[in-house]
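Just so it is clear: in the sequence shown, position 46 is 60 by the numbering used here, and no numbers are missing.
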Amino acid sequence: MRLLRRKFERNPDMKYGFVVYRTTYADDAQWEQFMNYLSIHTRRNLNSANAQDFIQHLDWNVQDDKEKLDGASPSKVREEFRKWVENGSEANHATSRHHACVMVDQEALETIFKEGLDPEEFDSFGESWVYLVSKEDEGNGDYDAEDWIREEDGKREKVWVTRVGLSYLVPRVFELLDGPGWHNFADPYGVVRS
15 MRLLRRKFER
25 NPDMKYGFVV
35 YRTTYADDAQ
45 WEQFMNYLSI
55 HTRRNLNSAN
65 AQDFIQHLDW
75 NVQDDKEKLD
85 GASPSKVREE
95 FRKWVENGSE
105 ANHATSRHHA
115 CVMVDQEALE
125 TIFKEGLDPE
135 EFDSFGESWV
145 YLVSKEDEGN
155 GDYDAEDWIR
165 EEDGKREKVW
175 VTRVGLSYLV
185 PRVFELLDGP
195 GWHNFADPYG
205 VVRS
């Protein structure tokens, strides 16, 4: 958190939080509830982490283009996120915000409703989750590289999308991504990490 605080001191206009890609448009009211849950939950997490000063910088920059994103795959979201970063839509202060984005499809959206989760409570089991999509081809030099390559239909690919429990998204995963890196929280098999 110290490194991020220093970045905020040097760049007071810097945004905190991930860019969010909405890929489901079935129910606008449900989407609003989800975003409200995410905001309340994140503020609770920041207060618990003694990082109340980050709240003023919190910004989810929701990418909400039904024509382009309705039903979009992680690959499509990754492509759009890469464009967003390359176009310089926001100043890039070399934080997690420009390394990975959040993708919310219908399945992820419904996770907050299935268990009747309270946004003021920590969800230690990752019952509510979102996809985190990296713009990079994530690998790992410290662990067995085979764990970070998924094979489907005989095709090998590096893992650049994972599920992350909402209670861990901010500040924990944001900070891990900014520091030690993707392999500290991402699961090559798509399991929600908590």
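Even glycine gets a Cβ: it sits at the ideal position worked out from N, Cα and C.
Whole-angstrom distance between V175 and Y51, CA atom to CA atom: In the sequence shown, the residue the question calls residue 51 occupies position 37. In the sequence shown, the residue the question calls residue 175 occupies position 161. Approximately 22 Å between the Cα atoms of the pair.
Reference Q47, options F199, L131, S138, W196, closest by Cα: Within the sequence shown, the letter at position 33 stands for residue 47. Selection F199, L131, S138, W196 evaluated against Q47 yields L131 as nearest (Cα-Cα).
Pair within 8 Å by beta-carbon distance, N75 and K29: Counted from its first residue, the sequence shown places residue 75 at position 61. Counted from its first residue, the sequence shown places residue 29 at position 15. In contact: N75 and K29 (Cβ atoms closer than 8 Å).
Span of the alpha helix (DSSP H), counted from its first residue to its last, around Y39: Taking the first residue of the sequence shown as 1, we reach residue 39 at position 25. Premise fails: Y39 is in no alpha helix (DSSP H) and is neither H nor E.
Closer than 8 Å to chain D by CB, P26: The structure shown contains no chain D, having only a single protein chain.
Stretch pair the segment 17-33 + the segment 189-200: three plus CB contacts closer than 8 Å: These segments touch.
Span of the beta strand (DSSP E) around L146: Indexing the sequence shown from 1 puts residue 146 at position 132. Element bounds for L146: 143-148.
6 Å Cβ shell around S110 - same chain, five flanking residues per side excluded: In the sequence shown, counting from the first residue as 1, residue 110 sits at position 96. The residues are F188, L191, D192.
Selected residue, minimal CA-CA separation from Y124, among K21, L83, D27, T37: Translated into the one-based positions of the sequence shown, residue 124 becomes position 110. One detail in the question is off: residue 124 reads as Glu in this sequence, not Tyr. Comparing Cα-Cα distances from E124 to each of K21, L83, D27, T37, the minimum goes to T37.
Strand pairing of R177, partner residues [DSSP]: As a first step, residue 177 must be located in the sequence shown, where it is residue number 163. In the DSSP output, where bridge partners are listed per residue, R177 has Y145.
Euclidean distance between Cα positions of F22 and F68: What you label residue 22 is simply residue 8 of the sequence shown in a count that begins at 1. What you label residue 68 is simply residue 54 of the sequence shown in a count that begins at 1. Between the C-alpha atoms of F22 and F68 there is a straight-line separation of about 9 Å.
Cβ neighbour criterion (16 or more within 10 Å) applied to A43: As a first step, residue 43 must be located in the sequence shown, where it is residue number 29. Counting other Cβ atoms within 10 Å of its Cβ, A43 stays below 16 and is therefore classed as exposed.
DSSP three-state assignment for L131, whether helix, strand or coil: Numbered from its first residue, the sequence shown carries residue 131 at position 117. Here L131 sits in coil by DSSP.
Classification of G31 by the beta-carbon crowding that lies within 10 angstroms, buried from 16 upward: Sequence index remark: in the sequence shown, residue 31 carries index 17 (1-based). Classification for G31: buried.
Pair within 8 Å by beta-carbon distance, V34 and V118: For the purposes of this step, residue 34 is taken as residue 20 along the sequence shown, with counting starting at 1. For the purposes of this step, residue 118 is taken as residue 104 along the sequence shown, with counting starting at 1. Yes, these two residues count as a Cβ contact at 8 Å.
Cβ shell of Y39 (< 7 Å), same chain only, five flanking positions each side left out: Walking along the sequence shown from the start, residue 39 turns up at place 25. Residues K80, D84 of the same chain have their beta carbon placed closer than 7 Å to that of Y39, with the five preceding and five following residues left out of the count.
Burial state of G102 (16 or more Cβ within 10 Å): Residue mapping note: residue 102 aligns to position 88 of the sequence shown, counting from 1. Burial call: exposed.
Residues near E94 in its chain [Cβ-Cβ closer than 8 Å; skip 5 each side]: To locate residue 94, count along the sequence shown from 1; it is residue 80. Hits under 8 Å: Y35, Q77, K82, L83, A86.
Residues of its chain near H113, where Cβ-Cβ distance is below 6 Å and the 5 sequence neighbours each way are ignored: As a first step, residue 113 is located in the sequence shown; it is residue number 99 there, counting from the start. Closer than 6 Å at Cβ, skipping near neighbours: L191.
Environment of S181 [buried if 16+ CB atoms lie within 10 Å]: Translated into positions along the sequence shown, residue 181 becomes position 167. It counts as buried.
Proximity of Q66 and L72 at Cβ, strictly below 8 Å: One-based indexing of the sequence shown puts residue 66 at position 52. One-based indexing of the sequence shown puts residue 72 at position 58. No, they are not a contact pair.
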